[in-house]
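What follows is a short report on a single structure.
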Amino acid sequence: MAANPNAAPAPPSDRTNHGMRVVVAWLVLSAVATPLVAVFVGHLIPPGNGSSQGTEQVFDNTLMLTVITPILCLLAVFFVYGLRSFHASSSGAVLDGPPLRGDSQIQILWIVGTSVIVLFLAGFGTFELLQNGAGGGQGPDPIAVPGGQKMQVQVIGQQWQFTYRYPSLGGIESNQLVLPADTDVELHVTSLDVIHSFWAYELGVKADANPGVDNVAYVKTKSPQVFHVRCAELCGLWHGYMYNNGRVVDSAQFHSWASQQEKLYAAIKPFMDKPEADGGAPFGHTYLPAPERRAG
Amino acid sequence: MTDAAVAPSPPLWRRLLGFNLLTGVVLGIGGWYVGWFGAHSIVGPSLDYFGDIDYNELSVYLAYIGGIVGFLVGLGFFNYPFARLRGYPPSLREKETGGWTRYFSLCTDHKVVGIQYLWGIGLFFFIGGLNAMLIRTELLRPHHQVFPAGTYLTLVGMHGTMMMGMMSSGILGPFANYLIPIMIGARRMAFPRIEALTFWLLMAAGAILTTTIFFGGFPTGWTGYAPLSNEGNPGMDNYILFFALVGISMTLLGLNMIATIVTMRAPGLTWTRLPIFAWGVLSTAVLMVLAAPVLVAVLAMEALDRTAQTTFFVAAAGGSNYLYENLFWVFGHPEVYILALPGFAIVLELLPVFSRKPLWGYRLAVGGLLGVSLLSWFVWQHHLFVSGINGDLRPFYMLSTELISIPTGFTFLCGMMTLWRGSIRFTVPMLFCLAWFFNFLLGGLSGVFLSDVPSDVTTHGSFFSMAHFHYTIMGGLVFTFFAAIYYWVPKMTGWELNERLGKIHFWTMFVFFNSTFAPLFAIGFLGQPRRAVTYASGLQFLNDWVSVSAFCLGISMLIFLFNLVWSLGFVKKPAEANPWGSRSIEFQLPSPVPVHNFDRIPVFSSDPYGYGEGPPPSWVPAGAPAGRD
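In order, the protein sequences belong to chains A and E. At position 152 of the first sequence the residue is numbered 186 (our numbering), and the sequence of numbers has no breaks. At position 618 of the second sequence the residue is numbered 619 (our numbering), and the sequence of numbers has no breaks.
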């Protein structure tokens, strides 16, 4: 078992061109695996085709999976080949390997290769991000704003539910998110107490709800569907129960839903419209957690 | 373990009365009650804003601070400063001989501290692992609750906090403390008492975090986000005190390592001859010294928010939760490289030994370690891509995060080319190092998805990111932690570990680690958020699979524990001085290493990786300096 540290002449020179074998095997494997991954695995990746942003994320995920497939192939080929070819004989003295201490060509090739991949991914990610914000929360001053008409919806997180307010529909509120199909929506996410994170999974939207902050995210809905909303930032005791579903409905259904909500809402509207200083409804930035609301 | 020339020792009861762990615990408990009732007598009921709960935050803080002071007094940390004040001459060493009681006392022998760290961190590693088992028990069913929701959050928080806090020193504590002085040809660390202090502070911290369960636990997970932490039970204060103590311990540990490696290298040990492990320790130590104080600062602000009603993180009163998130991740991202870099270093240190080849591309490997160490300062806001903070800086953080894979790739290249055409021996430590490549590759490539903003929108805060960092930290750090144990513990204790049990441990751990965490990538992609006590019913099969695998992973850890206890406690087969045929200097010393390491300070004329380059030059030439202390 123990090898002599002082020992060991180098083994007889091995003339096999191991490097060429690995490179060829890698190229063949990558050439086969990469298109297969791109075509068959990529589109299975969530969040799916529920919104423009979701479609974009699926494309991003597919592209990255395609880029990392050759890297996985290289490592797989290297280790399968290397560990089979270069192990010490199970019996007899352990010989030293050849004293290779570096090769500047391989180093430069590696550095250039990894740099190209990294710069490509960062450039591509930036390009995709600037298209329409990719569904992520961008803060009060968004940098990636889709053009055209947008319907505004305010998402208000609190322990432990989300409330949705529709300014363009007279400020009505709902505890279920209902959106019209094929519409650009501008979500303004905020919180009344601690940090929450509004995550509409099928729509590819995630934006943290911070107290006193207006976090803007964009989503362009597609065809009618039911989607799931979960809180994605630990927000205290009942964080695990802070979920609901939402609906994307067609235009006619949306308008009938809205007028129904308006009737329900009429009773409290005067109170909601009153300015806060005159005893109106409290809004985000005046809320302080009271001791009896403590979580844990 | 025992020293030949020990004076006849006094009876046991007499030794128990001195400054040692027992006295420390007794005085610590005493100090705790002094602080507790002291705070009550100062503030009375007037600040008791919990209403029906009869304690306040101040009493929790003062109790634990009193406890820490009592603990350190009992261990004897104040003896030397007071002796100096009273005019006694300076000395460097305390309690370095005297059998097993050294291990339960303030001891300045770096080898004793290393072994103390190994067992101490191991203890809390197993407590953290037990928490993980309970988490997975809860997640066996989507909606049926085994634990109350608050208990579940406390388990999640304790698991994360314990692992992060303790394993930050997981390699530097046991192995760097033990090996760095030997590897650089010194007889001690630069600051031996501070070295001991870092260990005992960490143990006090572990006790504080464990006792959070008596104060209602804490709801925030390991990140402790404000303003949720402002609402938490008094158990939140245990979290704050734990992480602040860990931060102080890490800062001192890093400072000590830097001072030792920079100033105490033996003659001839130039920077290009330094073992790569020492480079890894150095780059980690720099991160510790610069990052951990930020953690202590942000936790001090949080403690003030909770006790003195300041409003650093309360938006309604002019504060901002972004301040907490920024400061926490300024510490937090270097922190994950504090966890990962020692793993890189151990892999690069062990591969030459087990493939009988020199380390390929030494300078590139060093550049990789330092490059990661530098770049890790510029990536922290990738934890906040969807938080709404600095929306226009996201492309920059996307770029910097992806850039960090370039120096990480250097470690892969150097490791793989060291294996290339080598004479590989599949020993237990080598298996753990090879598994590192597999795990860290998956961890790193999944990180690409998280670093890309559009992809991160789906994966952020989901089980995908949880799987990602378990692949990098458990697959990267914990696997190399075990590699280091199997590689160096025979040297540290003088007894062999059972190789067959080691291989069973490796294969069960490798298989069940992947079986546990690989499905979590899918679970995260399918929309299960982290730290949530419920999940969609359709994900039950995958979650059950993960839970059962996690239990098997736990059994694998028990196999390791059995191996450790069996081999070191019962079989006690003496280890050879150099069981692996290593050219590294620690294996040229007898096992276990004598108290003063070297009779004469060695003189280095090459790095320790000259396999296949002829016999190693003698590292103690005739007439080498005897060296002092």
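Ideal placement from N, C-alpha and C gives every residue a C-beta, glycine not left out. Predicted, not measured: the structure shown is a model, and the values here were computed from it.
Under the Cβ criterion of 8 Å, ALA241/A is counted among the residues facing chain E.
Minimum Cα-Cα distance from VAL367/E among the listed residues LEU275/E, TYR226/E, TYR153/E corresponds to LEU275/E. Secondary structure in the segment 78-107 of chain E: the alpha helix (DSSP H) runs of 4 residues or longer, each lying completely within the stretch, are 80-86 in chain order. Just so you know, the alpha carbons of GLY100/E and GLN117/E end up roughly 14 Å apart.
Listed as beta-bridge partners of THR224/A by DSSP are ILE190/A. Closer than 8 Å to the CB of SER208/A there is not a single CB belonging to chain E. The C-beta of ALA122/A comes closer than 8 Å to at least one C-beta of chain E. In this model, VAL35/E and ARG103/E are separated by some 29 Å (Cα to Cα).
Of all residues in the segment 133-145 of chain A, the ones placed with a Cβ closer than 8 Å to any Cβ belonging to chain E are PRO133, LEU134, ARG135, GLY136, ASP137, ILE140, GLN141, TRP144, ILE145, in chain order.
Look at CYS269/A here: in three-state DSSP terms it is coil, with no helix or strand label.
Taking 4 residues as the shortest admissible run, the segment 277-335 of chain E contains the following complete alpha helix (DSSP H) segments, listed from N- to C-terminal end: 277-308.
For PRO214/A, the enclosing beta strand (DSSP E) stretches over residues 212-214.
Around the C-beta of TRP120/E, fewer than 16 other C-beta atoms lie within 10 Å, and the residue is accordingly described as exposed. Judged by beta-carbon spacing, PHE219/E lies within the 8 Å limit of THR213/E, meaning their Cβ atoms are closer than that value.
Secondary structure in the segment 353-398 of chain E: the alpha helix (DSSP H) runs of 4 residues or longer, each lying completely within the stretch, are 363-376 in chain order. When GLY222/E, GLY75/E, LEU340/E are compared, the shortest CA-CA separation from GLY477/E is found for LEU340/E. Shown here, ASN57/E sits in coil according to DSSP, grouped into three states, outside any helix or strand.
Under the three-state reduction of DSSP output, ARG531/E falls in the coil class, being neither helix nor strand. Taking CB atoms only, ASN178/E has no neighbour in chain A less than 8 Å away. Interface annotation, TYR235/A: in contact with chain E, CB-CB separation under 8 Å. Here GLN188/A has ARG199, HIS222 as same chain residues with Cβ atoms under 6 Å from its own Cβ, once five neighbours each way along the sequence are excluded. GLN183/A places its beta carbon 8 Å or farther from that of PRO201/A.
Take the alpha-carbon of VAL157/E and the one of GLY222/E: they are about 6 Å apart. For ARG199/A, no alpha helix (DSSP H) run applies; the uninterrupted beta strand (DSSP E) run containing it begins and ends at 195-200, by DSSP. Taking 8 Å as the cut-off, the beta carbon of THR199/E is found no closer than this to the beta carbon of SER230/E. In the DSSP secondary-structure assignment, GLN259/A is bridged to VAL282/A.
The beta carbon of ALA245/E is closer than 6 Å to those of VAL297, LEU300 in its chain, skipping five residues each way along the sequence.
Counting of Cβ neighbours within 10 angstroms places SER231/A among the buried residues, the total reaching 16 or more. Checking the DSSP bridge columns, you'll see ALA243/A partnered with HIS230/A. Looking at the DSSP output, GLY170/A sits in a beta bridge with LYS240/A. Just so you know, the alpha carbons of MET184/E and PRO603/E end up roughly 10 Å apart.
Taking C-beta separations shorter than 7 Å and ignoring five residues to either side along the sequence, the partners of VAL490/E in its chain run LEU498, following chain order. In this structure, LEU370/E and SER284/E form a Cβ contact; the two beta carbons are roughly 4 Å apart against a cut-off of 8 Å. Using a Cβ-Cβ cut-off of 8 Å, MET164/E does not count as an interface residue toward chain A, since no Cβ of chain A sits closer than that to its own.
For ILE262/E, the secondary structure class from DSSP, reduced to helix, strand or coil, is helix. Looking only at GLY270/A, GLU90/A, VAL228/A, the smallest Cα-Cα distance to VAL247/A is reached by VAL228/A.
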